[in-house]
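Here is the structure we will look at, set down as structure tokens.
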Amino acid sequence: MKIKKCGEMARKLRFFKEQMSKAGLAPSFKSTTRDDIDVDDLETKLGELEAELVEINANGEKLQRSYSEMVEYKLVLQKVGEFFHLAQSSATAQHREIESQHAGEASIDTPLLRDQEMATDASKQMKLGFLCGLVPRERSMAFERILFRATRGNVFLKQAHVEEPVIDPASGEKVEKNVFLVFYSGERAKNKILKICEAFGANRYPFNEDLGKQAQMISEVMGRLSELKTTIDAGLAHRGNLLETIGDQYEQWSRLVRKEKAIYHTLNMLSLDVTKKCLVAEGWCPVFASKQIQDALQRAASDSNAQVGAIFQVVHTKELPPTYFRTNKFTSAFQEIVDAYGVARYQEVNPGVFTIVTFPFLFAVMFGDWGHGICLLLATLVYIFKEKKLSGQKLGDITEMTFGGRYVILMMALFSIYTGLIYNEFFSVPFELFGLSAYACRDLSCRDATTVGLIKVRETYPFGVDPAWHGTRSELPYLNSLKMKMSILLGVAQMNLGIILSFFNAKFFGNCVNIWFQFIPQLIFLNSLFGYLSLLIIVKWCTGSKADLYHIMIYMFLSPTDELGENALFPGQKMVQIVLLLLALVSVPWMLLPKPFLLKKQHEERHRGNSYMPLETTDNSFQLDTNHDAHGDHEEFEFSEVFVHQLIHTIEFVLGAVSNTASYLRLWALSLAHSELSSVFYEKVLLLAWGFNNVIILIVGIIIFIFATVGVLLVMETLSAFLHALRLHWVEFQNKFYEGDGYKFYPFSFALAGDEDDF
Numbered sequence: 001m002k003i004k005k006c007g008e009m010a011r012k013l014r015f016f017k018e019q020m021s022k023a024g025l026a027p028s029f030k031s032t033t034r035d036d037i038d039v040d041d042l043e044t045k046l047g048e049l050e051a052e053l054v055e056i057n058a059n060g061e062k063l064q065r066s067y068s069e070m071v072e073y074k075l076v077l078q079k080v081g082e083f084f085h086l087a088q089s090s091a092t093a094q095h096r097e098i099e100s101q102h103a104g105e106a107s108i109d110t111p112l113l114r115d116q117e118m119a120t121d122a123s124k125q126m127k128l129g130f131l132c133g134l135v136p137r138e139r140s141m142a143f144e145r146i147l148f149r150a151t152r153g154n155v156f157l158k159q160a161h162v163e164e165p166v167i168d169p170a171s172g173e174k175v176e177k178n179v180f181l182v183f184y185s186g187e188r189a190k191n192k193i194l195k196i197c198e199a200f201g202a203n204r205y206p207f208n209e210d211l212g213k214q215a216q217m218i219s220e221v222m223g224r225l226s227e228l229k230t231t232i233d234a235g236l237a238h239r240g241n242l243l244e245t246i247g248d249q250y251e252q253w254s255r256l257v258r259k260e261k262a263i264y265h266t267l268n269m270l271s272l273d274v275t276k277k278c279l280v281a282e283g284w285c286p287v288f289a290s291k292q293i294q295d296a297l298q299r300a301a302s303d304s305n306a307q308v309g310a311i312f313q314v315v316h317t318k319e320l321p322p323t324y325f326r327t328n329k330f331t332s333a334f335q336e337i338v339d340a341y342g343v344a345r346y347q348e349v350n351p352g353v354f355t356i357v358t359f360p361f362l363f364a365v366m367f368g369d370w371g372h373g374i375c376l377l378l379a380t381l382v383y384i385f386k387e388k389k390l391s392g393q394k395l396g397d398i399t400e401m402t403f404g405g406r407y408v409i410l411m412m413a414l415f416s417i418y419t420g421l422i423y424n425e426f427f428s429v430p431f432e433l434f435g436l437s438a439y440a441c442r443d444l445s446c447r448d449a450t451t452v453g454l455i456k457v458r459e460t461y462p463f464g465v466d467p468a469w470h471g472t473r474s475e476l477p478y479l480n481s482l483k484m485k486m487s488i489l490l491g492v493a494q495m496n497l498g499i500i501l502s503f504f505n506a507k508f509f510g511n512c513v514n515i516w517f518q519f520i521p522q523l524i525f526l527n528s529l530f531g532y533l534s535l536l537i538i539v540k541w542c543t544g545s546k547a548d549l550y551h552i553m554i555y556m557f558l559s560p561t562d563e564l565g566e567n568a569l570f571p572g573q574k575m576v577q578i579v580l581l582l583l584a585l586v587s588v589p590w591m592l593l594p595k596p597f598l599l600k601k602q603h604e605e606r607h608r609g610n611s612y613m614p615l616e617t618t619d620n621s622f623q624l625d626t627n628h629d630a631h632g633d634h635e636e637f638e639f640s641e642v643f644v645h646q647l648i649h650t651i652e653f654v655l656g657a658v659s660n661t662a663s664y665l666r667l668w669a670l671s672l673a674h675s676e677l678s679s680v681f682y683e684k685v686l687l688l689a690w691g692f693n694n695v696i697i698l699i700v701g702i703i704i705f706i707f708a709t710v711g712v713l714l715v716m717e718t719l720s721a722f723l724h725a726l727r728l729h730w731v732e733f734q735n736k737f738y739e740g741d742g743y744k745f746y747p748f749s750f751a752l753a754g755d756e757d758d759f
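For the sequence shown, the UniProt record's numbering puts the final residue at 759, and the numbers step up evenly by one.
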């Protein structure tokens, strides 16, 4: 009953909000009423206000309908009166013309014959009736055709356009209409015309042929219109004052109703104990909040003068608890990125901690330009400086999403500036920020030719790419090699981090099987192949060797016993490759075979002679088994299902080690695309416009350059790099350790209950 009462009050408040919206008013957030208003008093007050507002609306609609009818009646009197006046003037003129023609032909017999003819014509005359009103203009042609067909042409119809649209009394909407006047003969024709008028929505109004009465009727209608206008204005003013009064208290009332509804909805989820004298509530709460809950229950018991206080007791259960991470405005967006993939299982490693750094860094690897990074930073700072103002407003979908991720974009911008400084690109233009280039031309003929003509004249450029590489023929091969190898190093490092985190998961949950037969073989397999490739890349960079890494990795599998020759990077490399290849081969059955048999053995030992288990009386926290559900202890162990699952998992990891490493090459591809697009816009738009030595062309070139940079590089490229970084985290990184099959902890909160969509 309480929830129904709250629902009814919520309906009334929604009605008030609709009425305020129609009147162009907004609820005020500054309430002047008391906070301790009683719910019963509020229910009575809302009922009285609703009844008064409904009555005002009904009276206003009636008055508005009468006003609209009077406006139409005035138009009918004016237009039809003009028609009758013109008709009478025309008839008088014709009569005078006829009399003047007969006056010249006067004779002795003329008066007698004329009186006889007039008497005969008077006996043949028939009285014609007429109807007048307004018909919608869009239906006027059809209205005329139907009248003609229904009466077989025995009517005379006259229509006149009304210049301004009029408010239709029935619908209340503005409609373009025509005034019509129909002359007919006979009652049958009249009945047909009345039915047709009703079918076409034509409003009929009375009209008198007498000119004196017409003037009197127009005067009465004008007076009536003035009275109705005054009454309607007074009603609208009263309605506006009433809505303003409601608007001043609307927020407080709606907040109170939402709280009451949320409280009673939660109380309905409680259960009665066996004595049916108290309520029992079971739920989840964070461990750190236990003391706060106890204090709140004690305060509630004291404030309500309860004779018996509330009892708070921790209940042990095998049910999987919900997951709750304490976040702030900075970390919440990063946590949402992880939760979009799946909510972490209870006490599982949270990837959100690492995502704070790795996500914007991988984005920046693909978006490396410190000029574009500064643009992103400035746009984000606008959101951050205005966050108090914007957080209280309703924004559009895209704006709200961007505002919610403002700190993610801030980190992305900062990392983009960092990687842009490493790439030495400012809108694709290099700068000697950290010193002079280490290279110089032998002579003037080598300028803009190739790096063959360059010689090293100074110390190595201290930070990032030497600006001398930009604009040379070997720039693209050099940067391709650098970024491709860097992508492999970053990918192998992040995948190793994911495997290491799986070790901490298994260690925390006490799952030794996963440590020995999942973590160790996975680590060996990945590093025997791609960890070794990463080592070769670093050794080649350090030694300056010209060894072909493609050749080394291919023939490591095809001909592991062949001599490396000039591709050897260190002594004993051949033996190291053979050992690593054998370890990779051994790690595959190591992952596949032992784990299903060990799980079967554990299951048999757990249920051998253990039909009766002692009750647990310890105060330990939840003991969770990551390999079984809460109800899985008594389920049958299907060895075939477990083996097939392990087979799929092994194949997925082995193939995924190759595909995931190749997937990180997107870092290289998108970085190259971003750099080349930026270079094209700079050289083919800005520099080309500059070369014409024309101010207008230069201005047009600058405008095109700005729009291309913002639209393509700062919007589309940002979105593209964001999505690719998202994929690398969800697929390549999190699938190494993250289950993501938990569920969120949603505490009871008046702030959450304040959502108007669920009101």
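Virtual Cβ for every residue (Gly too), placed ideally from N, Cα, C.
Pair within 7 Å by beta-carbon distance, residue i and residue j
i, j, result
"F180", "V135", "yes"
"P286", "Y324", "yes"
"A438", "K456", "yes"
"residue 760", "F359", "Shown here, the chain extends from 1 to 759; a query on residue 760 therefore has no answer."
"I515", "L583", "no"
"F143", "F183", "no"
"residue 760", "S66", "Past the boundaries of the shown model lies residue 760; the chain is included only from 1 to 759, so the question cannot be answered."
"H551", "N567", "yes"
"F705", "K595", "no"
"S487", "Y250", "no"
"A160", "K79", "yes"
"C6", "K259", "no"
Residue interval of the alpha helix (DSSP H) (run including residue i)
i, result
"L665", "That residue, L665, is in no alpha helix (DSSP H); it is neither H nor E in DSSP."
"Y346", "Note, Y346: premise wrong, no alpha helix (DSSP H); not H, not E."
"G352", "G352 to M366"
"L723", "E717 to R727"
"Y682", "Note, Y682: premise wrong, no alpha helix (DSSP H); not H, not E."
"I515", "Segment: none, I515 is in no alpha helix (DSSP H) and carries neither H nor E."
"E605", "P594 to H607"
"S534", "Y532 to T543"
For residue i, three-class secondary structure by DSSP
i, result
"I3", "helix"
"Q393", "coil"
"N505", "helix"
"I704", "helix"
"N735", "helix"
"K318", "coil"
"A10", "helix"
"A310", "coil"
"K45", "helix"
"T472", "coil"
"V408", "helix"
"K386", "coil"
"residue 800", "Beyond the ends of the chain as shown, which are 1 and 759, falls residue 800; an answer cannot be given."
"D109", "Summary for D109: the model assigns pLDDT 48, below 50, so the residue's position carries little reliability; its value from the coordinates is reported in the next sentence. Coil, per DSSP."
"T380", "helix"
"V465", "coil"
"R299", "helix"
"L615", "With a pLDDT of 44 at L615, under the threshold of 50, the modelled position of that residue is not reliable, and the figure given next carries that caveat. In the structure shown, L615 sits in coil (DSSP, three-state: anything other than H, G, I, E or B)."
Beta bridge counterpart(s) of residue i as assigned by DSSP
i, result
"R204", "G133"
"Y341", "In the DSSP output, where bridge partners are listed per residue, Y341 has none listed."
"S271", "V280"
"K177", "P136"
"F156", "F183"
"I167", "K174"
"C441", "L454"
"F426", "V429"
"K744", "T323"
"H161", "N178"
Test: residue i CB closer than 7 Å to a CB of chain C
i, result
"V315", "Chain labels in this structure do not include chain C; a single protein chain is all it has."
Cβ distance (whole Å) where residue i is taken to contact residue j below 8 Å
i, j, result
"L242", "E52", "7 Å"
"L63", "T231", "6 Å"
Endpoints, the beta strand (DSSP E) within which residue i is located
i, result
"I455", "L454 to K456"
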